[in-house]
Every structure is written in structure tokens, then in C-alpha cells.
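Colleague: Dropping a structure here in C-alpha cells format, bear with me for questions.
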Amino acid sequence: MTDQTQRLEIATVRAEIGSNITYKFNNDALDAAEIPTDSGPIPNLKQVIRDIKEEALDETLRAELFAAAGAGMVGFDPALSYPQNTVGSAILYNRRKTVKSYGAVGDGITNDTAKVLQAITDAGENGIVVFDSNAEYLVNGGSLIQLTGQQWVGGGGQRSTRLKKASNGDLVRMGNLAAISDITLNNNGENFTGRGIYIPSGFSQTLFRVRSVRSKGPSLEFAVDAGGGCNVVAFEGDTIDQDTVGAIKFAGDTGPHPRLLNGIWLSGGFLDIASPGAGNGCSMSNFYIRNIKTVGPVATGTALMHFSNGRFATIADTTVLSGSDITLVGVAFSGPVLLQNMQGLRSEACTFGAGITEDAATCRFNSYSDQTKTFSPTWSQASGSQPSIGNGSLTGKYTRQGFLVKFEMTLTVGSTTTFGNSSGPYLFSLPVGGSQNSAQNFLAGWCFDASASTDFPVNGQIASGTNTLTISRNGAGVRDGFPFSWAAGDSINVSICYMAI
Numbered sequence: 057m058t059d060q061t062q063r064l065e066i067a068t069v070r071a072e073i074g075s076n077i078t079y080k081f082n083n084d085a086l087d088a089a090e091i092p093t094d095s096g097p098i099p100n101l102k103q104v105i106r107d108i109k110e111e112a113l114d115e116t117l118r119a120e121l122f123a124a125a126g127a128g129m130v131g132f133d134p135a136l137s138y139p140q141n142t143v144g145s146a147i148l149y150n151r152r153k154t155v156k157s158y159g160a161v162g163d164g165i166t167n168d169t170a171k172v173l174q175a176i177t178d179a180g181e182n183g184i185v186v187f188d189s190n191a192e193y194l195v196n197g198g199s200l201i202q203l204t205g206q207q208w209v210g211g212g213g214q215r216s217t218r219l220k221k222a223s224n225g226d227l228v229r230m231g232n233l234a235a236i237s238d239i240t241l242n243n244n245g246e247n248f249t250g251r252g253i254y255i256p257s258g259f260s261q262t263l264f265r266v267r268s269v270r271s272k273g274p275s276l277e278f279a280v281d282a283g284g285g286c287n288v289v290a291f292e293g294d295t296i297d298q299d300t301v302g303a304i305k306f307a308g309d310t311g312p313h314p315r316l317l318n319g320i321w322l323s324g325g326f327l328d329i330a331s332p333g334a335g336n337g338c339s340m341s342n343f344y345i346r347n348i349k350t351v352g353p354v355a356t357g358t359a360l361m362h363f364s365n366g367r368f369a370t371i372a373d374t375t376v377l378s379g380s381d382i383t384l385v386g387v388a389f390s391g392p393v394l395l396q397n398m399q400g401l402r403s404e405a406c407t408f409g410a411g412i413t414e415d416a417a418t419c420r421f422n423s424y425s426d427q428t429k430t431f432s433p434t435w436s437q438a439s440g441s442q443p444s445i446g447n448g449s450l451t452g453k454y455t456r457q458g459f460l461v462k463f464e465m466t467l468t469v470g471s472t473t474t475f476g477n478s479s480g481p482y483l484f485s486l487p488v489g490g491s492q493n494s495a496q497n498f499l500a501g502w503c504f505d506a507s508a509s510t511d512f513p514v515n516g517q518i519a520s521g522t523n524t525l526t527i528s529r530n531g532a533g534v535r536d537g538f539p540f541s542w543a544a545g546d547s548i549n550v551s552i553c554y555m556a557i
């Protein structure tokens, strides 16, 4: 007998045995103790299955197995808790409550507060509430409070689904770990007070493709230390009082609370971080904002916020930057910028369209770059009769690159120029103050005696933390009568590079 013939015979026998068992299982009585087969008796399989049903199955599953067939899902009970990474857990997570299924009308006239609140309640923590598309739901201010982990979703996209404020109060209070997406909030600020979206506490909230507009209060506000780990992406906001009420407001931070904002459009409002510690650990990128409001002094002011790739668009208003350790990368300012009570600003590849100035008395350790600008120095002495340029000229220009300032100045004596006194050196004001850490000494330029056609090289000195330049030759300050007797046509020429405040 060949191997192939032997294997065929074995397969034939097994098939006959299987067929015999199947026949016996289908035809033998349920009360038979055993079922005879050609290879010997076996236990009654029907009895075995019945024993399993009666003794081994859980009560819930047994009831479902014996229940009449229908359209439901066998084995799932929404009242039960299911372990993570199970089908039951996934089903629970994806349960959605649509507000129109609760009777919300969404015509912008009928008050839908009660219907929306019922959907929020039934969705529960970590549930999903869907606001159906092509609708505007009128709801009372102060009533919509999001539960922990809950998601609110606009069914038809940002501008198709709207919530409209019907009374005073915040339109939405976000919950801990909660999210809102594809919804417009009409805050109806012409008629009612309150904020648009308020985050009173918690962390890791998410706003995605949300508009919060026409708000009497801030369109989005974070309470002190609230919203750490929050992501705000593709957000648009504005207020009714655009000059006095911030579209986005950070009420302050006592420590780092990173909030990540990207794709922010506040053309009708400003960013308000004018609170102690506000912005600590926060980052904003890809933005178009009307203006920004900050606060100093350094110890209790705006702090440690990063901005990149955006524009502050106001032209008429001066943007005042105060606080400490703010970074700007690729940011354009359309209007003038003033640094006041600012320490540790870092600015790279930024555009200051109308220029940037710095208050030397209140600022230090700031680094930024600015285009070459003209500057009109003052000419004075510490005491006594003061010099006067008369019909001569005194001009200056400078540029700022990081912590360094390049400054050039030319004083040309006229026929009516007076030269002060000989008791002290001449003092010339600087566009930016010198380093706080140490005095600076350098070769500064030359004084030109026109009558002798001779240059006299001079040195320059900037005392620590001052914005005043003195010049000297051979250790003596340049003054009336030194290094020569001044007359029409003479000049003082300065070209220096010094370390800024």
C-alpha cells in the first residue's frame, strides 16, 4: 500500500465517523445517556451544551441568548462599565447626543436652553454632544456648563452651527479635559453682558475651528492658572468694545501653564495678557491680531510667552510691550512699538514698520533688530552755561542689531554756535542706553580743526546703565577751548558700536 493510498483511507474513515456523529447528534433523543457510534459510545452532546448554558453562562448573556431576535446589539448594555480597549468601551465612548433629537429647534428665536441642557446631561462625562447643522440655538447666558471630558461638535462646520446668547452671563463654561469644535458663538454683545467662552479651571481643553464673536466681555478668557495644556487651533474672536476689552484674555499665572494657540484671528480685538505672570509658558503662532496689551514692572508683569509667524496689525496705536522674557520670531508690527518696563525681550527676524523705541530708565537686557533711523542728539554739560548749536548742525543716525547699537553723529559749528563752559566735558545723548553691567570705553572718532585742517582722534565713554556719551583726548574731556579753540567750520565726528542696555 502506497503512502498516498494509506492517507486516503484514513481520511475516508474519519469522514465516516464525523458523519455518524453528526447524524446521531441531530437524531438521538435528548434524554439518551450516551450516543452509540461505530467507534464506541460518546456523551450526549445536546446534554453537554444544555449544561453549559445552565451552569457556566453569565445571567445577562443567558437572557440575551434566549431573547427574541431584534435590531439591537447582543451583549452591549449602556448601563454597564467596560474595561478600556474593549468593544463595549469604544461603543460607550462614541455615543452621541444630538440636540435636535431632544427637541431643540435651532431657529435663533425659540429658546432651546432646556433641550440643550438635557442633551448635555444625558451625554455625561466623556460623552459627545452634537449641535445639528444649519441651525442657531438660542440659549441663556450662564447656563451651558460643559462636563468633564465632554466633546461638543458642530454637525455642519464652524459657520453652519451657531449658539446665540439670550441673556446676560458667559455663553459657555468649558469643562476639564473638554473639547469644542466647528461651532460659532454669537455672543450678542450689543444686548447682553458676559464672556463668550470661559475656562474657569482644569487643563487640556481643546478648541478647534471655533468662532466667538460680538462679545461684550472677552470672547475667550482663561482664569488664573486655568487651561494648562490647552490647545486653541483655528480660532476667531472679537469684542464689541475693541479698544478696551480683549478678544482673548489670560487673567494671570502664578507659574508655568502652557497654552498652545495656532491659527488665531483677532482682527476685531486685541490679546490681553496685562495681568501678573500672564502668558507664562504659552505659545502663539500663525496669527493676525489687532494689538496686544501687556503689563510691567518686570517682577509682577507679563512673562515668558513666545510669539512666532504673525502680525499685530494696528497702525494708529502704539504697541507697548512690558514684562519679562518674551520672545518674538518672525512677527510684524504695523504701528510703532515702545518697550517700557521690559526685561529680557528676544526678537529675531521681526519687522517694526514704524520703528521701535526703548525707555532706558525702565528697560534692560533686551535684544532686537531695527532698521537704520535718524536721531537728534542733545548737546549739554553737567553744569554752568550750556552750549547751543545756533546756525550749526547736529545730526545722528543709528541701527540696532540684537544687543549692539551702531551710532553715528556729526556736529558742525556755525557762526552763531556757542560752546558752553570749560569746567566739564560735553555730553551727548544716545538713542539707546548702554549696558547695565559695566562702563564702556572705545575709540569714538575725531574732532576737526578747520583752520588748521587737522584731525584730533578722540575716545568715547558710556557710564554703566546710562544713555549719555562723553568724548575725550589724552584723558581730558572735550569742552570749550579743548582740544582747540572752536570756530565756524569745525566739527565733531563720532562713529561707535556699543553694547545696549
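Numbering (the working numbering), first residue to last: 57 to 557. For glycine and all other residues, C-beta sits at the position ideal for the given N, C-alpha and C. Keep in mind it's a predicted model, so treat the numbers as computed, not measured.
Mind checking which residues open and close the beta strand (DSSP E) that includes V550?
Modeller: Where V550 is concerned, the enclosing beta strand (DSSP E) stretches over S547 to M555.
Colleague: Three or more C-beta pairs closer than 8 Å, one from the region 283-300 and one from the region 251-271: is that the case here?
Modeller: The region 283-300 is in contact with the region 251-271.
Colleague: Apart from the five residues just before and just after N243, which ones in its own chain have a Cβ nearer than 6 Å to its Cβ?
Modeller: Answer for N243: K221, L227, G252, R270 and S271, listed in chain order.
Colleague: For the beta strand (DSSP E) containing I253, list its first residue and its last residue.
Modeller: Here the beta strand (DSSP E) through I253 covers I253 to I255.
Colleague: Nearest chain B C-beta to T204 closer than 7 Å, yes or no?
Modeller: Chain labels in this structure do not include chain B; a single protein chain is all it has.
Colleague: For S157, which of helix, strand or coil comes out of DSSP?
Modeller: In the structure shown, S157 sits in a helix (DSSP, three-state: H, G or I).
Colleague: Let me check one thing: in DSSP terms, what residues is W435 bridge-paired to?
Modeller: F484, per the DSSP bridge assignment.
Colleague: Output the distance between the C-alpha atoms of V172 and V155, rounded to the nearest integer angstrom.
Modeller: Those two C-alpha atoms are separated by around 6 Å.
Colleague: By how many angstroms is the C-alpha of G162 removed from the C-alpha of Q206?
Modeller: The alpha-carbon atoms of Q206 and G162 are separated by roughly 21 Å.
Colleague: With three or more C-beta pairs closer than 8 Å as the rule, is the region 439-454 touching the region 395-403?
Modeller: Touching, no.
Colleague: Enumerate in chain order the residues of its own chain whose CB-to-CB distance from G352 is below 6 Å, with the five nearest sequence positions on each side excluded.
Modeller: Excluding residues within five positions, the ones whose Cβ falls inside 6 Å are S378, G379 and N397.
Colleague: For P487, count the other beta carbons within 10 Å of its own beta carbon; 16 or more makes it buried, fewer makes it exposed. Which is it?
Modeller: Burial call: buried.
Colleague: Q427 by DSSP, collapsed to three states: which one?
Modeller: In the structure shown, Q427 sits in a strand (DSSP, three-state: E or B).
Colleague: Can you give the Cα-Cα distance for R420 and Q492, rounded to whole angstroms?
Modeller: So the two alpha carbons sit approximately 7 Å from each other.
Colleague: What's the C-alpha gap between Y424 and D281?
Modeller: Each residue's alpha carbon lies about 30 Å from the other.
Colleague: Once the 5 residues before and after A508 are set aside, which same chain residues still bring their CB inside 8 Å of it?
Modeller: Around A508: F540.
Colleague: Got a sec, what are the start and stop residues for the alpha helix (DSSP H) A179 sits in?
Modeller: Counting along the chain, the alpha helix (DSSP H) containing A179 begins and ends at T169 to A179.
Colleague: Which one of I236, A334 and L194 has the shortest CA to CA distance from T169?
Modeller: Out of I236, A334 and L194, L194 has the C-alpha closest to the C-alpha of T169.
Colleague: Hey, would you say G325 sits closer than 7 Å to A303, going by beta carbons?
Modeller: Result yes, Cβ atoms of G325 and A303 sit closer than 7 Å.
Colleague: CA-CA distance, I552 and M465?
Modeller: Their Cα atoms are separated by approximately 9 Å.
Colleague: Work out the CA separation of T356 and G335 for me, nearest whole Å.
Modeller: Rounded to the nearest angstrom, the two C-alpha atoms are 12 Å apart.
Colleague: What residue from S189, P481, N190 and G164 has the CA that sits closest to N196's CA?
Modeller: Here the closest residue by C-alpha is G164.
Colleague: Taking the alpha-carbon of I548 as reference, which of G521, E246, P513 and A438 has the nearest alpha-carbon?
Modeller: Per the Cα distances, P513.
Colleague: Under three-state DSSP, which class holds T356?
Modeller: Helix.
Colleague: Can you tell me whether W542 is buried or exposed, with buried defined as 16 or more other CB within 10 angstroms of its CB?
Modeller: It counts as buried.
Colleague: Leaving out five residues before and five after G446 in sequence, what residues of the same chain have Cβ atoms less than 6 Å from its Cβ?
Modeller: Around G446: G470, T472 and T473.
Colleague: For T455, which residues in the same chain have their Cβ closer than 6 Å to its Cβ, ignoring the five residues on either side in sequence?
Modeller: Answer for T455: T428 and K462, listed in chain order.
Colleague: Sort out for me which residues DSSP pairs W321 with in a bridge.
Modeller: DSSP output for W321 lists E292 and Y344 as bridge partner(s).
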